[in-house]
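The block underneath contains the structure these notes are about, expressed in structure tokens.
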Amino acid sequence: MAEIAFRQALREALSEEMRRDERVFLMGEEVAQYNGAYKVSQGMLDEFGPRRVIDTPIAELGFAAIAVGAASNGLRPVVEFMTWNFAVLALDQILNHATKMLSMSGGQFGCPIVFRGPNGSAGQLGAQHSSAFESWYANIPGLKVVSVSNPYDAKGLLKSAIRDDDPVVFLESEVMYGDLAEVPEEEYLIPIGKASVKREGTDVTIVSFNKMMKVALGAAEELAKEGISAEVIDLRTIRPLDNETIINSVKKTNRLVIVEEQWPFASVSSEISYRVQKDAFDYLDAPIHRITSADTNMHYAPNLVAKYLPDVARTVNLVKEVMYIKK
1 MAEIAFRQAL
11 REALSEEMRR
21 DERVFLMGEE
31 VAQYNGAYKV
41 SQGMLDEFGP
51 RRVIDTPIAE
61 LGFAAIAVGA
71 ASNGLRPVVE
81 FMTWNFAVLA
91 LDQILNHATK
101 MLSMSGGQFG
111 CPIVFRGPNG
121 SAGQLGAQHS
131 SAFESWYANI
141 PGLKVVSVSN
151 PYDAKGLLKS
161 AIRDDDPVVF
171 LESEVMYGDL
181 AEVPEEEYLI
191 PIGKASVKRE
201 GTDVTIVSFN
211 KMMKVALGAA
221 EELAKEGISA
231 EVIDLRTIRP
241 LDNETIINSV
251 KKTNRLVIVE
261 EQWPFASVSS
271 EISYRVQKDA
281 FDYLDAPIHR
291 ITSADTNMHY
301 APNLVAKYLP
311 DVARTVNLVK
321 EVMYIKK
């Protein structure tokens, strides 16, 4: 095992897959000459050359369309968006072309493509750079949605995404690119669609994903000081959703709290809540609780940023509510 940064784990995944399969190439804003806006692709231009590491104009719709065309003709592109907040401009290509190619061609050809980049807020960047998109893309049939929280999962899941024959949206976070964790030096893959129990517990289940896992695990640490044992699940994949892991945990703990960086309406927590009440209602000893971003735009001021995003203290209070413990 080697301790490496999140960005390096992504770089290793990309480089290993490009060495393995000459059909794989990377394209996006500043991925080549500048070594990537977040240095994920550092050194890759030197190794693979300008035909496989391609700088694009700031035109998300245009280069996403080129990548969809390439995927439909036998290549396996990886598209880096500087932020998913800008990628809404490419939604037409993702929704109306990449995800519908297989069904509209009667199964004759698909669209093996990965769209990746940082998602959600990254501090004081203002409303137009701070939206989280898991639930948006998870609503699209034919699209797999991966949202990672650590270097180990990032590498294993990105390799699986590149090898997948379906289009995959791969969501990262600007504030995690420097995070360090141990990653195996030998090759490994993590299957898409399988959640991970990051902490075993018996009293309550906390489900989260992406950088909100830090809030979930932080809350579990604080709860442990008060004798409350929280089981923490990292979804890793939003679609397909690992219903089995969530249900089995709720059957054990009988309580569920969901933490996510989404607006509350029609969010990932909404879907999870529906599934749990449908498949594990008799096991619940309390209503399902969730904490999401505020139902508004995230503003620039730091005090408003703090109010907007879920945090450890409020998550702890929610757990105490489902435990029927006075705060």
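Taken in order, the sequence shown gives residues 1 to 327; the numbers are from UniProt numbering. By construction, the Cβ of each residue, glycine as well, lies at the ideal position given by its N, Cα and C atoms.
* **Bridge partner(s) assigned by DSSP for M18** => By one-based count along the sequence shown, residue 18 stands at place 18. DSSP output for M18 lists no bridge partner at all.
* Euclidean distance between Cα positions of L91 and D282 -> Along the sequence shown, one-based indexing puts residue 91 at 91. Along the sequence shown, one-based indexing puts residue 282 at 282. Taking the straight line from one Cα to the other gives about 40 Å.
* From R239, E260, K251 and S121, residue whose alpha carbon lies closest to that of G142 -> Within the sequence shown, numbered from 1, the residue matching residue 142 stands at position 142. In this structure, R239 is the residue among R239, E260, K251 and S121 with its C-alpha nearest to the C-alpha of G142.
* What are the boundary residues of the beta strand (DSSP E) that I4 is part of? -> Residue 4 sits at position 4 when you count from the first residue of the sequence shown. Its beta strand (DSSP E) spans residues A2 to A5.
* Asked: Where does the unbroken beta strand (DSSP E) through T237 begin, and where does it stop?
  -> Along the sequence shown, one-based indexing puts residue 237 at 237. First-last of the beta strand (DSSP E) with T237: T237 to R239.
* Please check the pair T202 and S229, which I expect to be a contact at CB under 8 Å, by giving their CB distance rounded to whole angstroms. => Stepping through the sequence shown from its first residue, residue 202 is reached at position 202. Stepping through the sequence shown from its first residue, residue 229 is reached at position 229. That belief holds up - the Cβ atoms of T202 and S229 are roughly 5 Å apart, short of 8 Å.
* Could you give the DSSP three-state label for G74: helix, strand or coil? => As a working note, residue 74 is residue 74 in the sequence shown. Of the three classes helix, strand and coil, the one that applies to G74 here is coil, per DSSP.
* Pick from S160, E226, E182 and I162 that is closest to V316, judged by C-alpha positions -> Within the sequence shown, the letter at position 316 stands for residue 316. Looking at the Cα atoms, E226 is the closest of the given residues.
* **the region 81-95 touching the region 48-68, judged by at least three CB pairs closer than 8 Å** => Between the region 81-95 and the region 48-68, the count of Cβ pairs shorter than 8 Å is three or higher; the stretches touch.
* **Residues near E16 by beta carbon distance below 8 Å, same chain, minus five either side** => In the sequence shown, counting from the first residue as 1, residue 16 sits at position 16. Here the set comprises K159 and E187.
* Between the beta-carbon of V40 and the beta-carbon of L10, is there less than 8 Å? -> On the sequence shown, position 40 is the one that residue 40 refers to. On the sequence shown, position 10 is the one that residue 10 refers to. The answer is yes: Cβ separation under 8 Å.
* Label D234 either buried or exposed according to how many other C-beta atoms from any shown protein chain fall within 10 Å of its C-beta, with 16 as the threshold for buried. => Here the question's residue 234 lines up with position 234 in the sequence shown. With 16 or more other Cβ atoms within 10 Å, it is buried.
* Going by DSSP, which residues form a beta bridge with K144? -> To locate residue 144, count along the sequence shown from 1; it is residue 144. BP columns for K144 point to V168.
* Asked: Is it the case that the Cβ atoms of V68 and M27 are separated by a distance below 8 Å?
  -> Walking along the sequence shown from the start, residue 68 turns up at place 68. Walking along the sequence shown from the start, residue 27 turns up at place 27. Their beta carbons are not under 8 Å apart, which means V68 does not touch M27 by this criterion.
* To do: Return the first residue and the last residue of the beta strand (DSSP E) that G120 is part of.
  => Your numbering for residue 120 matches position 120 in the sequence shown. Here G120 belongs to no beta strand (DSSP E), and DSSP marks it neither H nor E.
* Asked: Measuring CA to CA, which of L217, G193 and N243 is closest to R236?
  -> In the sequence shown, the residue the question calls residue 236 occupies position 236. When each option's Cα is compared against that of R236, the closest is G193.
* Terminal residues of the beta strand (DSSP E) in which V53 lies -> In the sequence shown, counting from the first residue as 1, residue 53 sits at position 53. Per DSSP, V53 belongs to the beta strand (DSSP E) from V53 to D55.
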